[in-house]
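Chemist: Residue numbers (the working numbering), protein chains in the order written: chain G, 54 to 457; chain Z, -10 to 373. All C-beta atoms in this analysis are idealised placements derived from N, C-alpha and C, irrespective of residue type, glycine included. Bear in mind the structure is a predicted one, so any value in this text is a computation, not a measurement.
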Amino acid sequence: MAKALPLQGVRVANFGWVWAGPMTGQTLAFLGAEVYKVESRARIDINRILPPFAEGERDPDRSLQNHAGWAGNGSVTLNLKKPEARELARELVARCDVVVENFGPGAMAALDLGYEQLREVKPDVVMLSMPAAGLDGPLKDVRTYGMSLTSLTGLDSITGYRGGGPVPVENAFSDPLNGMMGAFAVLVALQYRKGSGKGQHIDFSQQEGVMQMVGPAFMDYVLNGRAAGTMGNAHPLGVGAPHGVFPCAGDDRWIAIAVMTDDEWKGLVEAMGGPDWASGYADVEWRLANIDALHERLAEWTAGFDDYELAKRLQANGVAATPVLNVADLLSDPHYKARGTFIEVTHPLGFKETIYGSYVKTSRTEVAVRPGPMIGQDNERVFKGLLGMEDERYRSLVKAEVIF
Amino acid sequence: VTEGALEGIRVIELGQAVSAPYCGKLFADYGADVIKVEPPEGDIARRWGPFPNDEPHPEKSGLYFYLNTNKRGVTLDIDTPNGRDALLGLVGKADVLIENERPSRMRELGLDYETFSKGNPGLVMVSITPFGQTGPYAGWNGYDLNAYHLSGCGHRYCGRPGEAPLEHGTFAADFYGATAAAAWGMAALFGREVAGGGQHLDVSTAEVIAAVFIGAQNIGGYAQDGVFERRTGIGMPLGAPATILPCKDGHVWMLALEPGQWNGLARVMGDPDWMQLEMFQDMFVRAQNSEAMYPLIEQWTAEHGKQEIMDRCQGEGCPVTAVYTVAEAAEHPHLKQRGYFVEVDHPELGRVRDLGPPFKLPQSPGGPARPAPSLGQHNDEVFG
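1) Here's a check: name, in chain order, each residue in its chain whose Cβ is nearer than 7 Å to the Cβ of Z/V(-10), leaving out the five neighbours to either side.
2) Where do the ends of the beta strand (DSSP E) carrying G/Y168 lie?
3) Could you confirm whether any beta carbon from chain Z is found closer than 9 Å to the beta carbon of G/V372?
4) Who are the neighbours of G/Y155 on chain Z, taking C-beta pairs under 7 Å?
5) Any Cβ of chain G within less than 9 Å of the Cβ of Z/I286?
6) I'd like to know whether the C-beta of Z/Y102 is nearer than 9 Å to at least one C-beta of chain G.
7) Closest by CA to Z/D369, which one among Z/G259, Z/R61, Z/A34?
8) Closer than 6 Å by C-beta to G/M54: which residues in its own chain qualify, once you throw out the five before and the five after it? Chain order, please.
9) Should G/D273 and Z/G38 be called a contact, given that it needs their Cβ atoms to be closer than 9 Å?
10) State buried or exposed for Z/A205, treating a residue as buried only when at least 16 other CB atoms are found within 10 Å of its CB.
11) Pull out every residue of the region 189 to 209 of chain G whose Cβ sits closer than 9 Å to any Cβ of chain Z, in chain order.
12) Please identify the residue among Z/M258, Z/P125, Z/A281, Z/V257 whose C-alpha is closest to the C-alpha of Z/E400.
13) For Z/I24, list the residues DSSP reports as bridge partners.
14) Buried or exposed, going by whether 16 or more other CB atoms sit within 10 Å of the CB of G/S201?
15) Give me the DSSP bridge partner(s) of Z/R35.
16) Please list the residues of the region 148 to 160 of chain Z that have a C-beta atom closer than 9 Å to any C-beta atom in chain G, keeping them in chain order.
17) Which residue wins for smallest C-alpha separation from G/V65, given the options G/A95, G/I97, G/V435?
18) Along the region 222 to 233 of chain Z, what residues have a CB closer than 9 Å to any CB found in chain G?
19) Please report the distance separating the alpha-carbon of G/H388 from that of G/Y447.
20) How many Å lie between G/R534 and Z/V197 at the Cα?
21) Kindly list, in the order they appear in chain G, the residues whose Cβ is closer than 7 Å to that of Z/T58.
22) Under 8 Å by Cβ, that's how I've got G/V129 and Z/Y146 pegged, so tell me the actual separation to the nearest angstrom.
23) Would G/A374 and G/I310 qualify as a contact pair, given that the criterion is a beta-carbon distance under 9 Å?
24) Compare the C-alpha of Z/A311 against each of Z/F120, Z/D238, Z/P354, Z/D271 and name the closest.
25) Please list, in chain order, all residues of the same chain as G/V146 whose beta carbon is under 8 Å from its beta carbon, the five residues on each side excluded.
26) Report the rounded CA-to-CA distance for Z/E(-4) versus Z/V241, giving the unit in angstroms.
27) Any chance you could list the beta strand (DSSP E) runs of at least 3 consecutive residues sitting entirely within the region 287 to 350 of chain Z, in chain order?
28) Would DSSP call G/E92 helix, strand or coil?
29) Hey, which unbroken runs of the alpha helix (DSSP H) at 4 residues or more fall wholly within the region 222 to 262 of chain Z?
30) Under 9 Å between C-beta atoms, does G/V71 make it to chain Z?
31) Report buried or exposed for Z/S374, applying the criterion of at least 16 other Cβ atoms within 10 angstroms of its Cβ.
32) Using a beta-carbon distance cut-off of less than 7 Å, what residues from the region 259 to 278 of chain G approach chain Z?
33) Z/G381 to G/P401, Cα distance in whole Å?
34) Inspect the beta-carbon positions of G/V275 and Z/R327 and report whether they are closer than 9 Å.
35) Whose Cβ in chain Z lies nearer than 7 Å to the Cβ of G/A236?
36) When you compare the CB of G/D256 with every CB in chain Z, is at least one pair closer than 9 Å?
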């Protein structure tokens, strides 16, 4: 598997910050693209200073989550408040195929790095802008956090215990999703450029990206005028029962069980030893109509079992059952171990750390994963190598905090 | 409709329910010719609804409508030698195959990458399953709910302590996995000359969330320090206010972390004295005193509507947003003005509003234009 990665030869200037934009860079980089995150010590990206830190040492090059989330990106530092830095950014873009950014609308243009300005130096550039709510429209300047963006899509309104209020998702679920979608968008535009010679400016509203997940409930609104409420762990279209998360033995241990066919129901009943009450639930319509009572019965049964053991036992009977994993389980789970989902790597600074590896498995080309970049690690390679800058000028720009 | 960016790309989709069909839809909406292969009884999404007036009808499923726009549809019984041969014939002339069958079933049918790519070395095959093609759970039965909870997502980030971890009210793992699959599939397609040919991509929807969402922000810390966090039921337990709160007509996502945001919220709320107290002076201290603080904010939100709260807070630099219902999101003027909603004529459903594509490509817009196919609609055309 020593063959070239498919995106070898594609170069990306990544002005993305925090999570979604860097995630786009990561996906392209895992697949072979040369990606440089453009950032600055003048305004350290908040993602670099989120704990925990390697060996507890607070430093923008030692944030463990940053090393996972930004893996694959390179880094150059440019203090874009300075005109010379903006000029260097344009010189970099002139040698790139793709520009990625996730600032608010207009922020890049204010730095002389808007699409029209970049087209002057790179006529066929593919530029991906991924602001919260798109480049235009009445909400274009809306302020949100990654974790609250979902509130603008309807998704939060259906997330929660059935019949109760919405329960917040406690992190930015939107960011990695939109980061991956951003990579797809860039690749679709590169494919178009291959045939037409034309670049373009992609307007990717993160609101619209996440709202794709609301499609099933959106269709019920369109067809029936119904706005779904919180659903718990029910099947989103209410067609399977039982369908939920049930308690198991131990501290905060659970099992997820979804029964969608008659055969699966029979397998479950058999695994339970054919209790009398189950015969009353043979009909799926009855199970759906009495799902709460059914779930109570099932929970009484699952509560005594180890989650992993019970999942294996149910799977042996053809029932879709999985343990509900916690963070610690992810590292010890035999399936993720076998797939190399998480890998230990040695950081250039000398410490070992665990990040996630190639999150899709490829048969031809092996993805080499290295931790997210140290700030400015690629400065010399880019400014001296790619842009051909003389040593003396490089040193003076570093001293003047332009390359900074 | 302008020519889509993926014009000339041929995709075969052997997919049911959500994951593979959504991945196929992303290719179809941007102009690829996607031929969806269904079993004689049709994609199971045809039986899942939602149906107009809840009356089941195989051509009226809203889920099927949403996930299969712009595709052509054929039926094949791949369990028969003729059906299997016909599938091999289709894939032999395709650029991409997207599928979400159980790995064991594909093996039993002798439908592996080697077989599919014989005579078509540029083929990109994208397999999207809950657990993937390898590993001890590869043979397990699973749906979106199983994959989602195997990712750690619910246990870590969604639900109240002591109560069950929660899925998000949709097919979260399926959509996450399908989006990853589209990106990686598109890369393998775009760069197949560079890479020296096509390849097989193995996507586990559970693994995608476990890695890029849960793993990203938790696994390094756990591996180093041996401690891990779990759901709290509060948006952000370490900073406040940062959670969903009830208001007069629903809920708002209340966020006022930085000093400027907190001061903005104070102005909107009429500068109540309590907001000046020492115990509420930074986001971390406020989080420690959140049991005292949240009820005070709720007293105020209870008297105001979600849109009013959002507009006034946003006007003061405070990033509070309304928690829109599905109906409110579906009617939102911003999304309407941006053209996010499109209308598609369907022979059975009539003219139906649909979500547009996830991103806008001005040179090559794409988007849903042709309705999802009726069962076997293009059999003659494709196999003619």
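Modeler: Reading from the atomic positions:
1) Taking the first residue of the second sequence as position 1, residue -10 of chain Z is located at position 1. Per-residue confidence for Z/V(-10) stands at a pLDDT of 45, beneath the threshold of 50, marking its modelled position as unreliable; no derived number is given.
2) Locating residue 168 of chain G in the first sequence gives position 115, where the first residue counts as 1. Counted as a single uninterrupted DSSP element, the stretch harbouring G/Y168 is not any beta strand (DSSP E) but the alpha helix (DSSP H) occupying residues 168 to 174.
3) For the purposes of this step, residue 372 of chain G is taken as the residue at position 319 of the first sequence. With 9 Å as the cut-off, G/V372 counts as an interface residue toward chain Z.
4) For the purposes of this step, residue 155 of chain G is identified with residue 102 of the first sequence, where counting begins at 1. Correcting the residue type first, residue 155 of chain G is Asn in the shown sequence and not Tyr. Going along chain Z, no residue has its Cβ under 7 Å from G/N155, so there is no contact; the nearest lies around 13 Å.
5) Taking the first residue of the second sequence as position 1, residue 286 of chain Z is located at position 297. Cβ-Cβ to chain G under 9 Å: no for Z/I286.
6) Translated into the one-based positions of the second sequence, residue 102 of chain Z becomes position 113. For Z/Y102, the answer is yes, since a Cβ of chain G falls inside 9 Å of its Cβ.
7) Taking the first residue of the second sequence as position 1, residue 369 of chain Z is located at position 380. Answer by Cα proximity: Z/R61.
8) Position 1 of the first sequence, counted from the start, is the residue given in the question as residue 54 of chain G. With a pLDDT of only 47 at G/M54, under 50, the local geometry of the prediction cannot be trusted, and the value read off the model is given with reservation. Counting only Cβ-Cβ distances below 6 Å, and skipping sequence neighbours, we find E419.
9) Taking the first sequence and counting its residues from 1, one reaches residue 273 of chain G at position 220. Taking the second sequence and counting its residues from 1, one reaches residue 38 of chain Z at position 49. In contact: G/D273 and Z/G38 (Cβ atoms closer than 9 Å).
10) Along the second sequence, read from residue 1 onward, the residue named residue 205 of chain Z stands at position 216. Its Cβ being crowded by 16 or more others within 10 Å, Z/A205 is buried.
11) D189, G190, P191, L192, K193, D194, V195, R196, T197, Y198, M200, S201, L202, T203, S204, L205, T206, G207, L208, D209
12) Any property of residue 400 of chain Z remains undetermined from this structure, which presents chain Z solely from -10 to 373.
13) In the second sequence, counting from the first residue as 1, residue 24 of chain Z sits at position 35. Z/I24 pairs with Z/I1, Z/R61.
14) Residue 201 of chain G sits at position 148 when you count from the first residue of the first sequence. G/S201 should be labelled buried.
15) The sequence position of residue 35 of chain Z within the second sequence is 46, counting from 1. None; Z/R35 has no bridge partner.
16) G148, R149, P150, G151, E152, A153, P154, L155, E156, H157, G158, T159, F160
17) On the first sequence, residue 65 of chain G is found 12 positions in, with the first residue counted as 1. The option with the nearest alpha carbon to G/V65 is G/V435.
18) G222, I223, G224, M225, P226, A231, T232, I233
19) Counting from one through the first sequence, the residue named residue 388 of chain G turns up at place 335. Counting from one through the first sequence, the residue named residue 447 of chain G turns up at place 394. Taking the Cα positions, G/H388 is about 49 Å away from G/Y447.
20) Here chain G comprises residues numbered 54 to 457, so residue 534 of chain G is not present and cannot be evaluated.
21) By one-based count along the second sequence, residue 58 of chain Z stands at place 69. Ordered by position in chain G, no residue passes the 7 Å Cβ test against Z/T58, which lies about 11 Å from the chain.
22) For this step, residue 129 of chain G is matched to residue 76 along the first sequence. For this step, residue 146 of chain Z is matched to residue 157 along the second sequence. Not really, about 33 Å apart at Cβ, beyond 8 Å.
23) Mapped onto the first sequence, residue 374 of chain G falls at position 321. Mapped onto the first sequence, residue 310 of chain G falls at position 257. Cβ atoms of G/A374 and G/I310: closer than 9 Å.
24) Translated into positions along the second sequence, residue 311 of chain Z becomes position 322. That would be Z/D238, whose Cα lies nearest to the Cα of Z/A311.
25) Along the first sequence, one-based indexing puts residue 146 of chain G at 93. Cβ within range, chain order: A66, V152, L166, L171, V174, K175, V178.
26) Position 7 of the second sequence, counted from the start, is the residue given in the question as residue -4 of chain Z. Position 252 of the second sequence, counted from the start, is the residue given in the question as residue 241 of chain Z. About 43 Å.
27) Whole beta strand (DSSP E) segments, 3+ residues: 330 to 335, 339 to 344.
28) Position 39 of the first sequence holds residue 92 of chain G. If DSSP states are grouped into helix, strand and coil, G/E92 belongs with the strands.
29) 248 to 257
30) As a first step, residue 71 of chain G is located in the first sequence; it is residue number 18 there, counting from the start. No - not a single Cβ of chain Z is within 9 Å of the one on G/V71.
31) Lying outside -10 to 373, the shown extent of chain Z, residue 374 of chain Z is not represented and no answer is given.
32) E261, G262, M264, Q265, M266, V267, G268, P269, A270, F271, M272, D273, Y274, V275, L276, N277
33) No statement about residue 381 of chain Z is possible, as the shown extent of chain Z runs from -10 to 373 and does not include it.
34) Walking along the first sequence from the start, residue 275 of chain G turns up at place 222. Walking along the second sequence from the start, residue 327 of chain Z turns up at place 338. No. Outside cutoff.
35) As a position in the first sequence, residue 236 of chain G is number 183, starting the count at 1. Chain Z residues near G/A236: A172.
36) Counting from 1 along the first sequence, the entry for residue 256 of chain G is found at position 203. Yes, G/D256 lies at the interface with chain Z (some Cβ there is under 9 Å from its Cβ).
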